[in-house]
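Enquirer: Once you've had a glance at the structure underneath, I'll fire off some questions.
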Amino acid sequence: MENIILRTKQLSKSFSSGGKQQHVLKNLNIEIYDGDFTIIMGASGSGKTTLLYALSGMDKPTLGEIYFGDENITGYGQDKLALFRRKNCGFVFQQNYLLDSMSVLDNCLSAGLLINKDRKSIVRYTKELLAKVGLTEVDWNKFPTQLSGGEAQRCAVIRGIVNQPKILFADEPTGALNSVSGNSVMNLLTELNQKKQSIIMVTHDIKSARRGNRILYLRDGAICGECNLGKYDGTKNTERNEKLDSFLKEMGW
Numbered sequence: 001m002e003n004i005i006l007r008t009k010q011l012s013k014s015f016s017s018g019g020k021q022q023h024v025l026k027n028l029n030i031e032i033y034d035g036d037f038t039i040i041m042g043a044s045g046s047g048k049t050t051l052l053y054a055l056s057g058m059d060k061p062t063l064g065e066i067y068f069g070d071e072n073i074t075g076y077g078q079d080k081l082a083l084f085r086r087k088n089c090g091f092v093f094q095q096n097y098l099l100d101s102m103s104v105l106d107n108c109l110s111a112g113l114l115i116n117k118d119r120k121s122i123v124r125y126t127k128e129l130l131a132k133v134g135l136t137e138v139d140w141n142k143f144p145t146q147l148s149g150g151e152a153q154r155c156a157v158i159r160g161i162v163n164q165p166k167i168l169f170a171d172e173p174t175g176a177l178n179s180v181s182g183n184s185v186m187n188l189l190t191e192l193n194q195k196k197q198s199i200i201m202v203t204h205d206i207k208s209a210r211r212g213n214r215i216l217y218l219r220d221g222a223i224c225g226e227c228n229l230g231k232y233d234g235t236k237n238t239e240r241n242e243k244l245d246s247f248l249k250e251m252g253w
């Protein structure tokens with residue numbers, strides 16, 4: 001039986017704009033399974049990023065509840081939420097948000113050392129991860145301004161996973177990358193998922209979406225469709241790709 005790692009109950013999010021209430025998320029009941037690579041898709045303005053931020057505890061819902069395992073995190077204060085995210089969540093944003101005053105290695109270590117005080121082991125692990133995405137010893141002491149866009153984003157991915165989070169949240173991680181850099185990021189995320197890393201990713205890119213095993217389609221703040229593809233095995237699976245293409249066409253993509 002699949003283990004539910006994250007679920008929502010009547011999750012809603014509203015904003016006040018010009019004296020009117022704007023309902024961005026509408027009564028969402030979602031179950032996220034341990035080890036899944038869940039993709040969130042939908043047109044611009046459909047609420048994808050808002051949903052990702054709500055699920056991760058970075059943004060409080062207006063109504064409803066969010067459960068991480070059996071733990072209801074909805075009522076947590078800011079300090080408790082920050083501690084929860086530090087222990088359980090990893091983030092890869094559309095922009096890399098690297099600190100310009102810190103080297104590649106130190107940017108990544110800054111996340112890992114927050115929860116792992118064994119500096120020697122976390123440094124070793126961080127260096128292994130950086131090398132795996134093509135950032136070698138020559139790059140470790142570089143600063144973000146010395147990196148290409150693809151290198152900076154790969155560094156940001158490592159920073160997001162170095163604390164070995166229970167769930168990795170990724171918001172359009174390849175959106176600003178060329179095809180080569182984008183593919184390297186997706187290869188890393190795929191490899192992590194094959195090792196049972198749970199991932200929730202927002203994307204507009206069909207090629208990136210094909211790496212997931214479950215697609216949730218959001219329209220006007222509500223889940224209007226779901227497509228289950230099974231695990232991506234790295235082969236060119238025409239039937240699997242056609243299933244996703246057909247689903248997206250049905251959704252009006």
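If you use UniProt numbering, the sequence shown corresponds to residues 1 to 253, in order. Beta carbons are placed, not taken as given, at the ideal position from N, Cα and C, and that holds for glycine. Nothing here was measured: the structure is a model prediction, and the numbers come from that model.
1. Rounded to whole angstroms, what is the Cα-Cα separation between residue 80 and residue 114?
2. Can you give the Cα-Cα distance for residue 74 and residue 209, rounded to whole angstroms?
3. Measure from the alpha carbon of residue 123 to the alpha carbon of each residue in 133, 134, 132 and 109, then state which is nearest.
4. Report buried or exposed for residue 198, applying the criterion of at least 16 other Cβ atoms within 10 angstroms of its Cβ.
5. My output table needs one value for residue 88: the three-state DSSP class, helix, strand or coil.
6. Applying the 10 Å Cβ sphere with the 16-neighbour rule, what's the burial state of residue 15?
7. Whose C-alpha, out of 4, 134 and 42, is nearest the C-alpha of residue 223?
8. Could you tell me if residue 3 is buried or exposed, where buried requires 16 or more neighbouring beta carbons within 10 angstroms of its beta carbon?
9. Nearest to residue 65 by alpha carbon, out of 95, 25, 36 and 119?
10. According to the Cβ coordinates, are residue 196 and residue 213 closer than 8 Å?
11. Mind checking residue 153: buried by the 16 CB within 10 Å criterion, or exposed?
12. Pull up the distance between the alpha-carbon of residue 234 and that of residue 187, whole angstroms please.
13. Between residue 216 and residue 226, what straight-line distance do the alpha-carbon atoms span, to the nearest angstrom?
Expert: Looking at the coordinates:
1. By 1-based counting over the sequence shown, the position of residue 80 is 80. By 1-based counting over the sequence shown, the position of residue 114 is 114. Each residue's alpha carbon lies about 15 Å from the other.
2. For this step, residue 74 is matched to residue 74 along the sequence shown. For this step, residue 209 is matched to residue 209 along the sequence shown. So the alpha carbons of these two residues sit roughly 29 Å apart.
3. Counted from its first residue, the sequence shown places residue 123 at position 123. The option with the nearest alpha carbon to residue 123 is 109.
4. Numbered from its first residue, the sequence shown carries residue 198 at position 198. Buried is the call here.
5. Position 88 of the sequence shown, counted from the first residue, corresponds to residue 88. DSSP places residue 88 in helix when its eight states are reduced to three.
6. In the sequence shown, the residue the question calls residue 15 occupies position 15. By the neighbour-count rule (16 or more Cβ atoms within 10 Å), residue 15 is not buried but exposed.
7. Locating residue 223 in the sequence shown gives position 223, counting from the first residue. The shortest C-alpha separation from residue 223 is found at 42.
8. Along the sequence shown, one-based indexing puts residue 3 at 3. Here residue 3 is exposed. Its C-beta has fewer than 16 other C-beta atoms within 10 Å.
9. The residue given as residue 65 occupies position 65 in the sequence shown. Selected option, being the one with the closest Cα: 25.
10. Counted from its first residue, the sequence shown places residue 196 at position 196. Counted from its first residue, the sequence shown places residue 213 at position 213. No, the pair does not count as a contact, with Cβ atoms beyond the cut-off.
11. Counting from 1 along the sequence shown, the entry for residue 153 is found at position 153. Its Cβ being crowded by 16 or more others within 10 Å, residue 153 is buried.
12. Residue 234 sits at position 234 when you count from the first residue of the sequence shown. Residue 187 sits at position 187 when you count from the first residue of the sequence shown. Those two C-alpha atoms are separated by around 9 Å.
13. If you number the sequence shown from 1, residue 216 lands on position 216. If you number the sequence shown from 1, residue 226 lands on position 226. Residue 216 and residue 226: Cα-Cα distance of roughly 5 Å.
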